[in-house]
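Colleague:
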Amino acid sequence: MSVEDRNELLDVIREESQRLAHLVDGVLDLSRIQAQAIDPQFDWCDLRDVVASAARQARETTIAIELPTSLPLVRADPAQIERVLVNLLDNAARVSPPERAVRVTGGVGGGMVTVRVIDEGPGIPATQRASVFEPFRRLGRSGDGHGAGLGLAICKGFIEANGGRILLQPNPVGVGTAFAISLPLAPQPVESRGR
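Just so we're aligned, residue 11 is where the sequence shown starts under the working numbering, counting upward by one.
1) Based on DSSP bridge pairs, tell me the residues matched to Q179.
2) Can you give me the C-alpha to C-alpha distance between G119 and R175, rounded to a whole angstrom?
3) Between I191 and V114, is the Cβ-Cβ spacing less than 8 angstroms?
4) Can you tell which of Q44, V127 and N17 has its C-alpha closest to the C-alpha of A167?
5) Per DSSP, what kind of secondary structure is L193 in: helix, strand or coil?
6) Counting C-beta neighbours from all protein chains within 10 Å, is the total for A47 16 or more, i.e. buried, or is it exposed?
7) For A74, list the residues DSSP reports as bridge partners.
8) Sort out for me which residues DSSP pairs I128 with in a bridge.
9) Should the segment 105-112 be regarded as contacting the segment 130-139, the criterion being three or more beta carbon pairs within less than 8 angstroms?
10) Please check the pair V112 and A103, which I expect to be a contact at CB under 8 angstroms, by giving their CB distance rounded to whole angstroms.
11) Grab the span of the alpha helix (DSSP H) containing V94 for me, first residue to last.
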């Protein structure tokens, strides 16, 4: 076996090992969620910072972050919220046309702080929308063979453990999908007022 072939084989082994580790992590997360053993480490977090960190980790794609500077802090586990956002951004990047940016918008309403991840992909078929957050549900829109269908179920579990909700919404532009995560608005800490 040539050095080049050996290196190529090692790359494949490394990639498949990472994929397997990711799958095992997902199954463990899902089992903790189903056992209600998720223990969020609540802290004040600025969702703009959490979104920016998630965007740095997401697939290589253009991400347009359109969050208001006045977005209030939330009480949540920043690591869990970041994992949710990385998953949503990766999913959006996978289905979006390469020339179109994945958009992240946000706002406040109804006692909640909401962040939306919006893609301009083909959308989710109407027949799959009701079951989109079920474990092991792979969506017809992602024909790339990636994932075990755990991501959105884990997202839902993490968001609900943080007292929030996650919803599938139509893209306001009309094409694609928007996932909205909403977390409860809490009285702001004294040092954040007037920022």
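We put the CB at the ideal spot given by N, CA and C, even for glycine.
Modeller: Considering the structure as presented:
1) A188
2) 13 angstroms
3) no
4) Sequence inspection shows Gly at residue 167; the Ala mentioned does not correspond to that position. Ranking Q44, V127 and N17 by Cα distance to G167 puts Q44 first.
5) strand
6) exposed
7) R113
8) R113 and A188
9) yes
10) 6 angstroms
11) P88 to V105
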